[in-house]
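Written out below as structure tokens is the structure these notes cover.
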Amino acid sequence: MPQLDTSTWFITVLSTIITLFTLMQLKISLHVFPQSPSAKSIELLKTDNPWESKWTKIYSPLSLPQQ
Numbered sequence: 141m142p143q144l145d146t147s148t149w150f151i152t153v154l155s156t157i158i159t160l161f162t163l164m165q166l167k168i169s170l171h172v173f174p175q176s177p178s179a180k181s182i183e184l185l186k187t188d189n190p191w192e193s194k195w196t197k198i199y200s201p202l203s204l205p206q207q
């Protein structure tokens with residue numbers, strides 16, 4: 141039964157790692173990043189909700205008088 145020849149594995153793995161590293165570096169270097177991020181002004185819009193026009197009070201069960 142012939143033995144598996146592993147003499148070329150080192151150069152194959154090494155060249156694969158170098159190729160993947162190079163491709164990732166190229167991919168990252170071609171990505172365009174924003175130069176100066178700035179906060180956008182957000183205008184708050186007032187919406188009329190039906191529950192805001194009424195006076196409501198929420199009773200917690202612990203704040204009710206003992207019976």
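Using the numbering used here, read the sequence shown as starting at 141 and increasing by one per residue.
For glycine and all other residues, C-beta sits at the position ideal for the given N, C-alpha and C.
None of the values given here were measured: they were computed from a predicted structure.
Counting only residues of its own chain and dropping the five nearest sequence neighbours on each side, Gln143 has no CB closer than 7 Å to any other CB. Taking the Cα positions, Lys167 is about 29 Å away from Lys180. Annotated three-state conformation of Leu163 is helix, per DSSP. Look at Ser178 here: in three-state DSSP terms it is coil, with no helix or strand label.
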